[in-house]
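Quick notes on the structure that follows.
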Amino acid sequence: MALTLRLAQDPDADKLLSESPLALLTGMLLDQQYPMEAAFGGPKKIADRIGGLDVHKIAEFDPDEFATLCSTTPAIHRYPGSMAKRIQAVCTYLVDEYDGNPEALWTVGDPDGKEVLKRLKSLPGFGDQKARIFLALLGKQVGVQPAGWREAAGAYGDEGSRRSVADVVDAETLGEVREFKKQAKAAAKQKA
1021 MALTLRLAQD PDADKLLSES PLALLTGMLL DQQYPMEAAF GGPKKIADRI
1071 GGLDVHKIAE FDPDEFATLC STTPAIHRYP GSMAKRIQAV CTYLVDEYDG
1121 NPEALWTVGD PDGKEVLKRL KSLPGFGDQK ARIFLALLGK QVGVQPAGWR
1171 EAAGAYGDEG SRRSVADVVD AETLGEVREF KKQAKAAAKQ KA
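Throughout, this note's numbering is defined as the position within the sequence shown, counted from one, plus 1020.
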């Protein structure tokens, strides 16, 4: 059965995310300080501008040209220059460590959830929280469920939660995730 993600809320961008592990990783990388669906729409913009999404091509791109490409309106992010550097850093890492195969992060050596989390955290721009969310996304929507993935993903792996992009399957769940984040932010302000 073909994978159908609805993270960008745009059929063409979601098709790319569903077919390309690199697009999915790139969308996750862009998902900070920017609306979630716009972040996950970023890989499609890059693919349209360079004729596909190829890890080797992006890693080898001239950094200034790639930054310009990412900054072209509509930009891939509110901080397109710094995100262009991060995307190239991730692609370079994937080429150097995994022969350019993003899926190797969760397939090589039959890793458990803890190991996949460790590998994700080794990616440039992927801190603990982002790595846990991506692991939950893999488990909940992509069908990548190594032993212990829910525990490694923490609360993001909870079944039925509405905490992150891992839980977005349509416009309704996107709204529920936004509401959860809004309430979490309000609670944090009250504690401060």
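Ideal Cβ placement from N, Cα and C applies to all residues, glycine included.
Note that the structure is predicted; figures quoted are calculated from it, not measured.
Where residue i sits in the DSSP three-state scheme
{"i": "residue 1238", "result": "Shown here, the chain extends from 1021 to 1212; a query on residue 1238 therefore has no answer."}
{"i": "residue 1142", "result": "coil"}
{"i": "residue 1021", "result": "With a pLDDT of 47 at residue 1021, under the threshold of 50, the predicted position of this residue should be treated as unreliable, though the coordinate-derived value follows. The answer is coil: DSSP assigns residue 1021 none of H, G, I, E or B."}
{"i": "residue 1183", "result": "coil"}
{"i": "residue 1053", "result": "coil"}
{"i": "residue 1073", "result": "coil"}
{"i": "residue 1178", "result": "coil"}
{"i": "residue 1189", "result": "coil"}
Close Cβ partners of residue i (< 7 angstroms) along its chain, the five nearest in sequence each way excluded
{"i": "residue 1159", "result": "1165, 1169, 1170, 1173, 1177"}
{"i": "residue 1181", "result": "1175, 1187"}
{"i": "residue 1120", "result": "1075, 1076, 1114"}
C-alpha distance - residue i paired with residue j, whole-angstrom precision
{"i": "residue 1046", "j": "residue 1023", "result": "17 angstroms"}
{"i": "residue 1035", "j": "residue 1113", "result": "25 angstroms"}
{"i": "residue 1123", "j": "residue 1208", "result": "36 angstroms"}
{"i": "residue 1029", "j": "residue 1193", "result": "11 angstroms"}
{"i": "residue 1128", "j": "residue 1091", "result": "34 angstroms"}
{"i": "residue 1079", "j": "residue 1109", "result": "7 angstroms"}
{"i": "residue 1059", "j": "residue 1099", "result": "11 angstroms"}
{"i": "residue 1163", "j": "residue 1038", "result": "12 angstroms"}
{"i": "residue 1033", "j": "residue 1040", "result": "11 angstroms"}
{"i": "residue 1141", "j": "residue 1097", "result": "22 angstroms"}
Own chain residues within Cβ distance below 6 angstroms of residue i, not counting five before or after
{"i": "residue 1125", "result": "1139"}
CB-CB length for residue i against residue j, believed under 8 angstroms
{"i": "residue 1089", "j": "residue 1069", "result": "5 angstroms"}
{"i": "residue 1075", "j": "residue 1136", "result": "No, residue 1075 and residue 1136 are not in contact; Cβ-Cβ is about 18 angstroms, not under 8 angstroms."}
{"i": "residue 1067", "j": "residue 1086", "result": "The pair is not a contact, with the Cβ atoms about 13 angstroms apart (cut-off 8 angstroms)."}
Runs of alpha helix (DSSP H) wholly within the stretch 1097–1141 (minimum 4 residues, chain order): 1100–1118, 1124–1127, 1133–1141
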